[in-house]
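Colleague: Protein chains in written order, with full-length UniProt numbering: chain A, 1 to 233; chain B, 1 to 233.
Dropping a structure here in structure tokens format, bear with me for questions.
Number of protein chains: 2
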Amino acid sequence: MREVFHRSLEDLQARLVEIADLVTVSIDKATHAFATSDVALAEEVIANDAKIDELAVTLDEQAIEILARQQPVARDLRIVVFALRVSASLERMGDMAEHIAQLARLRFPERAIPKGLKGTFTRMGELDVEISRTLSELLRTQDLRLADTIRNADDDVDELHASVFEKVLSDTWKGEAGATVDATLASRYHERFADHAVAIAKKVVYLATGDWAVEEEDIALAAEAQGSAAPEA
Amino acid sequence: MREVFHRSLEDLQARLVEIADLVTVSIDKATHAFATSDVALAEEVIANDAKIDELAVTLDEQAIEILARQQPVARDLRIVVFALRVSASLERMGDMAEHIAQLARLRFPERAIPKGLKGTFTRMGELDVEISRTLSELLRTQDLRLADTIRNADDDVDELHASVFEKVLSDTWKGEAGATVDATLASRYHERFADHAVAIAKKVVYLATGDWAVEEEDIALAAEAQGSAAPEA
Numbered sequence: 001m002r003e004v005f006h007r008s009l010e011d012l013q014a015r016l017v018e019i020a021d022l023v024t025v026s027i028d029k030a031t032h033a034f035a036t037s038d039v040a041l042a043e044e045v046i047a048n049d050a051k052i053d054e055l056a057v058t059l060d061e062q063a064i065e066i067l068a069r070q071q072p073v074a075r076d077l078r079i080v081v082f083a084l085r086v087s088a089s090l091e092r093m094g095d096m097a098e099h100i101a102q103l104a105r106l107r108f109p110e111r112a113i114p115k116g117l118k119g120t121f122t123r124m125g126e127l128d129v130e131i132s133r134t135l136s137e138l139l140r141t142q143d144l145r146l147a148d149t150i151r152n153a154d155d156d157v158d159e160l161h162a163s164v165f166e167k168v169l170s171d172t173w174k175g176e177a178g179a180t181v182d183a184t185l186a187s188r189y190h191e192r193f194a195d196h197a198v199a200i201a202k203k204v205v206y207l208a209t210g211d212w213a214v215e216e217e218d219i220a221l222a223a224e225a226q227g228s229a230a231p232e233a
Numbered sequence: 001m002r003e004v005f006h007r008s009l010e011d012l013q014a015r016l017v018e019i020a021d022l023v024t025v026s027i028d029k030a031t032h033a034f035a036t037s038d039v040a041l042a043e044e045v046i047a048n049d050a051k052i053d054e055l056a057v058t059l060d061e062q063a064i065e066i067l068a069r070q071q072p073v074a075r076d077l078r079i080v081v082f083a084l085r086v087s088a089s090l091e092r093m094g095d096m097a098e099h100i101a102q103l104a105r106l107r108f109p110e111r112a113i114p115k116g117l118k119g120t121f122t123r124m125g126e127l128d129v130e131i132s133r134t135l136s137e138l139l140r141t142q143d144l145r146l147a148d149t150i151r152n153a154d155d156d157v158d159e160l161h162a163s164v165f166e167k168v169l170s171d172t173w174k175g176e177a178g179a180t181v182d183a184t185l186a187s188r189y190h191e192r193f194a195d196h197a198v199a200i201a202k203k204v205v206y207l208a209t210g211d212w213a214v215e216e217e218d219i220a221l222a223a224e225a226q227g228s229a230a231p232e233a
């Protein structure tokens, strides 16, 4: 029974990695489609998202099956609940990649990246891809140092996100309303993508260190702290 | 044991309703703060969000405790997993209300609602409040007709959301970049708020009708359909 259970958990983990890998492919293609106005690539991302959603649903059903049949307790139970939560976040990361691809498709044949922000969005895209790849690796290896890599890259994304608004709100911004809307949404999607990765990385760390309650508190505190800083934008 | 278990489930449900009620208070205050530039009201919403986060964490812990101690199966298990998912969505609805309040605070003493969109945002705000109140009622009474009310109101929110972009991208739009950014973000927050409510309402319906698998498929299909329509914006 123990062995069956552990095989189930390994299988859950393998599926999370599989979804994370697909998300990495999506964000890589989406940011390229966005940068180069490649509508075919954008279509691929959009089509691919249904596959991610499907895998997330399958994983959830598998997790619920494990809960029903094997009735895990203590840390084993935490692992299964962890998988349910992580699959939801990965699914959202896929959605963010899809939204970026949709912006590229919507603007085609025009360029989706507003003038004057090409460097910023190229860098944000690279960071999101790096974050996604690192997250896959973290889920695969449980090497907790990778969580720091993700957090650091997310800090860079946050800075770039803030710089988009600075740019758009500065006197030098010559973009029309459409460009302003695109910049606002695209920046938000890039930033949310990274946020979800950080949330997952935190869960991995706390699952490994066993200090689950602290994580939740930490998140609540972080949310509170965020509330007193600049609005999430 | 059965009785203990049912009391636990009732308690979970009561807590979901409690959180939904707090979310309703938040969105009501947030949309008023946004419409009237009431910074004190905005501060209340921002402070209140930590309470919502805290209650969601407590509920999650309670759900995990039920899984560990009472090892429910079949429909009972679905109910507990349902509670975990709903608490996550309610928490996000609280975040959206907080973001709207943050926009109000950020612009103070200026008006946060961009010129020419007062009617639109007032109506979106009213709809979000109605949706939130109806969702509370749905969670409390399990009267499934309320799910339709929520879905219909969400359709109206989606239309208003689209109209914000039409307005902002039209030749008559005289707003500066700051107003365009605010309109874009505020509209997105209002729309996401309603989306989360619809997602919860669907879960309630499928939990009641027992057709859980269909729900997931339905969501995946809906996501796919959305992918082929206008980008989520």
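Just so you know, even glycine gets a beta-carbon here, dropped at the ideal spot from N, CA and C.
Predicted, not measured: the structure shown is a model, and the values here were computed from it.
Determine, for Phe-165/B, whether the minimum Cβ-Cβ distance to residues of chain A falls below 9 Å.
Modeller: The residue labelled residue 165/B in the question sits at position 165 within the second sequence. So, interface residue.
Colleague: Quick check: Ser-132/B and Thr-36/B, are their CB atoms within less than 9 Å of each other?
Modeller: Locating residue 132/B in the second sequence gives position 132, where the first residue counts as 1. Locating residue 36/B in the second sequence gives position 36, where the first residue counts as 1. In this structure, Thr-36/B does not lie closer than 9 Å to Ser-132/B by Cβ.
Colleague: Specify the secondary structure class of Trp-212/B as computed by DSSP and reduced to three states.
Modeller: Along the second sequence, one-based indexing puts residue 212/B at 212. Any reading at Trp-212/B needs caution, since the residue's pLDDT is 49, under 50, leaving its predicted position unreliable; the model's value is listed next. Trp-212/B falls in the helix class under three-state DSSP.
Colleague: Which term fits Arg-105/A, buried or exposed, when burial requires 16 or more other beta carbons within 10 angstroms of its beta carbon?
Modeller: Residue 105/A sits at position 105 when you count from the first residue of the first sequence. Label assigned to Arg-105/A: buried.
Colleague: Does chain A have any CB closer than 9 Å to the CB of Arg-2/B?
Modeller: As a position in the second sequence, residue 2/B is number 2, starting the count at 1. No, Arg-2/B does not count as interfacial toward chain A.
Colleague: Residues of chain B with a CB under 7 Å from the CB of Gly-178/A: which are they?
Modeller: For the purposes of this step, residue 178/A is taken as residue 178 along the first sequence, with counting starting at 1. Correct list: Leu-169.
Colleague: Is it true that the CB of Leu-185/B sits closer than 9 Å to the CB of Arg-188/A?
Modeller: Within the first sequence, residue 188/A is the residue found at index 188, counting from 1. Within the second sequence, residue 185/B is the residue found at index 185, counting from 1. Cβ distance < 9 Å, so Arg-188/A and Leu-185/B count as in contact.
Colleague: Looking at the C-beta of Gln-62/B, does it have a partner C-beta in chain A at a distance below 9 Å?
Modeller: Taking the first residue of the second sequence as 1, we reach residue 62/B at position 62. No, because no Cβ of chain A sits closer than 9 Å to the Cβ of Gln-62/B.
Colleague: In the UniProt domain "PhoU" (122 to 204) of chain B, which residues sit with their C-beta less than 8 Å from some C-beta in chain A, listed in chain order?
Modeller: Going along the UniProt domain "PhoU" (122 to 204) of chain B in chain order, one finds Phe-165, Val-168, Leu-169, Trp-173, Gly-175, Ala-177, Gly-178, Thr-180, Val-181, Thr-184, Leu-185, Arg-188 with a Cβ nearer than 8 Å to chain A.
Colleague: So with Cβ pairs under 9 Å, would you call Arg-7/A a contact of chain B?
Modeller: Counted from its first residue, the first sequence places residue 7/A at position 7. No, Arg-7/A does not count as interfacial toward chain B.
Colleague: With distance defined between alpha-carbon atoms, name the residue in Phe-34/B, His-196/B, Leu-16/B nearest to Phe-108/B.
Modeller: For the purposes of this step, residue 108/B is taken as residue 108 along the second sequence, with counting starting at 1. Ranking the options by Cα distance to Phe-108/B, first place goes to Phe-34/B.
Colleague: Verify the CB distance criterion: does Leu-77/A have a CB-CB separation below 9 Å to chain B?
Modeller: Taking the first sequence and counting its residues from 1, the one referred to as residue 77/A is at position 77. Yes, Leu-77/A counts as interfacial toward chain B.
Colleague: My parser needs the alpha helix (DSSP H) runs of 4 or more residues fully inside the UniProt domain "PhoU" (122 to 204) of chain A; what are they?
Modeller: Here the runs fully enclosed are 145 to 169.
Colleague: Who are the near neighbours of Gln-142/A in its chain, counting only those whose CB is closer than 8 Å to its CB and skipping five residues on each side?
Modeller: Your numbering for residue 142/A matches position 142 in the first sequence. For Gln-142/A, where only same-chain residues beyond five positions count, the Cβ hits under 8 Å are Val-204, Ala-208.
Colleague: Given Ala-201/B, which residues of its chain have a CB within under 8 Å of its CB, disregarding the five upstream and five downstream residues?
Modeller: Sequence index remark: in the second sequence, residue 201/B carries index 201 (1-based). These residues qualify, in order along the chain: Leu-135, Leu-138, Leu-146, Ala-147, Ile-150, Arg-151.
Colleague: Taking all protein chains shown into account, decide if Arg-69/B is buried (16 or more other Cβ within 10 angstroms of its Cβ) or exposed.
Modeller: As a first step, residue 69/B is located in the second sequence; it is residue number 69 there, counting from the start. Burial call: exposed.
Colleague: Using beta-carbon positions only, say whether Gly-175/B and Ala-162/B come within less than 9 Å of one another.
Modeller: Along the second sequence, read from residue 1 onward, the residue named residue 175/B stands at position 175. Along the second sequence, read from residue 1 onward, the residue named residue 162/B stands at position 162. Contact: no.
Colleague: Contact defined as beta carbons within less than 8 Å: I believe Ala-63/A pairs with Ala-47/A. What is the distance between those atoms, to the nearest angstrom?
Modeller: For the purposes of this step, residue 63/A is taken as the residue at position 63 of the first sequence. For the purposes of this step, residue 47/A is taken as the residue at position 47 of the first sequence. With 8 Å as the limit, Ala-63/A and Ala-47/A do not qualify as a contact, their Cβ atoms being about 26 Å apart.
Colleague: List the residues of chain B that Gln-13/A touches, going by C-beta distances under 8 Å, in chain order.
Modeller: Taking the first residue of the first sequence as 1, we reach residue 13/A at position 13. Correct list: empty, because the minimum Cβ distance to chain B is about 19 Å.
Colleague: Thinking residue 320/A and Ile-100/A are a contact (beta carbons under 8 Å), I'd like their distance in whole angstroms, please.
Modeller: Because chain A in this structure spans residues 1 to 233, residue 320/A falls outside the shown range and cannot be described.
Colleague: Identify every run of the alpha helix (DSSP H) within the region 20 to 88 of chain B, keeping only runs that are complete inside it and at least 4 residues long; order them along the chain.
Modeller: List check, alpha helix (DSSP H) in window: 39 to 70.
Colleague: Of the choices Thr-172/A, Ala-153/A, Ala-20/A, whose alpha-carbon is the least far from that of Gly-116/A?
Modeller: Numbered from 1 along the first sequence, position 116 holds the residue referred to as residue 116/A. The candidate whose alpha carbon is nearest that of Gly-116/A is Thr-172/A.
Colleague: Quick one: using the 10 Å Cβ neighbour count with 16 as the cut-off for buried, is Val-4/A buried or exposed?
Modeller: Residue mapping note: residue 4/A aligns to position 4 of the first sequence, counting from 1. Flag for Val-4/A reads exposed.
Colleague: State yes or no: is the beta carbon of Leu-16/B nearer than 9 Å to at least one beta carbon in chain A?
Modeller: Here the question's residue 16/B lines up with position 16 in the second sequence. No - not a single Cβ of chain A is within 9 Å of the one on Leu-16/B.
Colleague: Any C-beta of chain B sitting closer than 9 Å to the C-beta of Val-81/A?
Modeller: Residue 81/A sits at position 81 when you count from the first residue of the first sequence. Closer than 9 Å to some Cβ of chain B, the Cβ of Val-81/A qualifies, so yes.
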